Amino acid sequence: MKKFLVALALVSLGGVAALTLPSGPAPAELSESVAPSANSALSADSVGLAGTVDADSLAGSVGLAGSAPTVEYAWPSGAEVPVLRPFAPGPNNWDAGHRGVDLAIAAGQPVYAAASGRVIYAGKLNDRDLVSIGHADGIRTTYEPLSPAVTRGDTVTRGQLIGHVTGEHCAPSSCLHWGAKRATSDYLDPLSLLWGPIMLVE
């Protein structure tokens, strides 16, 4: 298995720092949408992202060089949509759980960057296409399954088209799995990045 090394930009209120993920085989962890298993393939969060992202250049790409980050997030659907399945992680990152939210978005519908940042992965993983974006506040958001309209290294702005939903998740219906993860490896509820009330489907 290839070894993976990526330095992600981590911008904190105390300044700008670089975070380096350890090299070596990526953990056997599935994407946030399903539980991990010993024989699972790589996840969106453990995928190898060759190259580095310089902290200053990432902050500068979203207009934050030399200042504390202020990252505003929006619905990747472009507007509020029902939440089909909420965030429900296990007590540990390797435990079973749902490490993101499933949003009711039909196959073929556009998906937009929830916040400005840089594309750190765009392609197929576990037989699904996905896009992962690193943001200046040290959070990475992941969108799957979708047909990417961007490539790794692209700088994107909040609300920019990044792909279109494909139909294999939430079958027989269709949805977008949206995940968020801090550079410290802590998963978080992406809905917590938004302002205002959230509509959950009973």
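As numbered in mature numbering (1 follows the signal peptide of the UniProt record, and there is no 0), residues -28 to -1, 1 to 174 make up the sequence shown, in order.
Glycine included, each C-beta is placed from N, C-alpha and C at the ideal position.
Quick caveat, the model's predicted, so the values are computed rather than measured.
| Query | Result |
| --- | --- |
| Just to check my reading of the structure: valine 128 and glycine 72 have Cβ atoms closer than 8 Å, yes? What is that Cβ distance to the nearest angstrom? | Between glycine 72 and valine 128 the Cβ distance is about 19 Å, and since that is not below 8 Å, they are no contact. |
| Enumerated in chain order, which unbroken segments of the alpha helix (DSSP H) with a length of 4 residues or greater are wholly contained in the stretch 75 to 107? | none |
| Within 10 angstroms of the Cβ of glycine 106, are there 16 or more other Cβ atoms? Answer buried if so, exposed if not. | buried |
| Assign threonine 42 to buried or exposed, taking buried as 16 or more other Cβ atoms, counted over all protein chains shown, within 10 Å of its Cβ. | exposed |
| From arginine 57 to isoleucine 92, what does the alpha carbon distance come to, in whole angstroms? | 26 Å |
| Hey, how far is the Cα of arginine 100 from the Cα of glycine 110? | 25 Å |
| Just to confirm, are glycine 135 and alanine 121 a CB contact at a threshold of 9 Å? | yes |
| Can you tell me where the beta strand (DSSP E) holding tyrosine 45 begins and where it ends? | Element bounds for tyrosine 45: n/a, residue is neither H nor E. |
| What residue range is occupied by the uninterrupted beta strand (DSSP E) comprising arginine 57? | 55 to 57 |
| Spatial neighbours of tyrosine 154 within its chain, please: C-beta separation below 7 Å, excluding the five flanking residues on both sides. | The sequence given here has arginine at residue 154, not tyrosine. Excluding positions up to five away in sequence, the list reads Gly110, Ile111 and Leu160. |
| Any idea what DSSP makes of serine 146, helix, strand or coil? | coil |
| For proline 82, I'd like the list of residues in its chain whose CB is within less than 6 Å of its CB, leaving aside the five on either flank, ordered along the chain. | Leu133 and His136 |
| Only counting the same chain, and skipping five residues up and downstream in sequence, which positions put a Cβ closer than 6 Å to that of residue 199? | Outside the shown range of the chain, which is -28 to 174, sits residue 199, and nothing can be said about it. |
| Can you give me the C-alpha to C-alpha distance between alanine 37 and glycine 125, rounded to a whole angstrom? | Since pLDDT at alanine 37 reaches only 44, below the 50 mark, its modelled position is unreliable, and no value is offered. |
| So, with DSSP's three-state summary, where would you put proline 120? | strand |
| Quick check on this structure: which residue in Asp158, Thr156 and Thr113 has the alpha carbon closest to the alpha carbon of tyrosine 45? | Thr113 |
| How close, in whole Å, do the beta carbons of tryptophan 150 and proline 61 come, if the pair is a contact with beta carbons under 8 Å? | The pair is not a contact, with the Cβ atoms about 14 Å apart (cut-off 8 Å). |
| Please classify glutamate 116: is it buried, with 16 or more other beta-carbons within 10 angstroms of its beta-carbon, or exposed? | buried |
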